[in-house]
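Chemist:
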Amino acid sequence: MHPSQLSDISIAGDPLALADRAVPRGEHPGTLADLAAVAERLAAEPERWLPLLRFDPLTRWYTRLEAGPRHEAWLLSWLPGQGSGRHDHGASTGVFTVVQGVLTEYTGAPAGPAARAGRDAGRRLAPGRLRVAAPGTVHEVLNSELLPAASIHVYGPRLTEMNPHASLAGDRARTGTGAAFGVRDGARTRSAGAAAVPGRAAGAVGTC
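Here's what the structure looks like:
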């Protein structure tokens, strides 16, 4: 199966997804600046990721662009209304940049009356902006625009868990068929909502 045909139900550490694992080995970034440089380099190579880009109205879609011993890079797509759900990346540092469309990132406390009243508008991210999520940082990414969007995410060390939290954006995000994207119909969830995925630590439910 070509990497562009993979979705959240077939990757995220699935050892059978050989095509997704057989991606070019990139450099071996060890610092935040290195991770940011990888994100910027890949964003500047649309000929590499644009032919792979797909949009799925039913579930979150992403494919791995690059993998190394200490990092991995992913391409994600976002239709209007699709979001990541509120989550953290465990011990991994994440750097992401929008390469198409506009996304909104929410951080901080879960959405309450103030957020529903529109006072917690989030941070709109247009192409070219870099965002960083330190280990344990909780955030949520959402396409609240009318047009599709795409983004590139780089993690170091390679992502082994993605822990769901109560939503920041309320019911505005459509994360797919599970409580957090990467989980479908609870088929791979644990009691706390984290997934047990072959080849990954418990809690690995996807990527954002």
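Each residue of the sequence shown is one higher than the last, beginning at -3 in my numbering.
Positions of the beta carbon are idealized from the N, C-alpha and C atoms, including for glycine.
Which residues bound the beta strand (DSSP E) around E141?
Modeler: Taken as a continuous stretch (DSSP letters only), E141 belongs to no beta strand (DSSP E), as it is neither H nor E.
Chemist: Using the beta-carbon count (16 or more within 10 Å), is A157 buried or exposed?
Modeler: First, the amino acid is wrong: residue 157 is Glu here, not Ala. Buried, because 16 or more other Cβ atoms sit within 10 Å of the Cβ of E157.
Chemist: Helix, strand or coil for L48, going by three-state DSSP, please let me know.
Modeler: helix
Chemist: To the nearest angstrom, how far is the alpha carbon of F177 from that of R82?
Modeler: Caution applies to F177, whose pLDDT of 30 falls short of 50 and renders its modelled position unreliable; the value that the coordinates give is listed next. Each residue's Cα considered, the two are about 10 angstroms apart.
Chemist: Among the residues of its own chain, which have a CB less than 6 angstroms from the CB of T103, if the five just before and after it don't count?
Modeler: H135
Chemist: Please state if the CB of N159 and the CB of P76 are separated by a distance shorter than 8 angstroms.
Modeler: no
Chemist: Identify, in the order they occur along the chain, each residue of the same chain with its Cβ nearer than 6 angstroms to the Cβ of V128, setting aside the five sequence neighbours on each side.
Modeler: V91
Chemist: Give a single yes or no on whether L49 has its beta carbon closer than 7 angstroms to a heavy atom of the ligand GDP.
Modeler: With respect to the ligand GDP, the structure shown offers nothing to examine, as it has no ligands at all.
Chemist: Measure the C-alpha to C-alpha separation of V98 and P153 and round it to an integer number of angstroms.
Modeler: The straight-line gap from Cα to Cα measures roughly 27 angstroms.
Chemist: Have a look at L72, E101 and L48 and flag the residue whose alpha-carbon is nearest the alpha-carbon of T55.
Modeler: Nearest in C-alpha terms to T55, of all of L72, E101 and L48, is L72.
Chemist: By Cβ distance, which residues of its chain are closer than 6 angstroms to R119, with the 5 residues on each side in sequence left out?
Modeler: E101
Chemist: Using the C-alpha atoms, what's the distance from R125 back to V94?
Modeler: 7 angstroms
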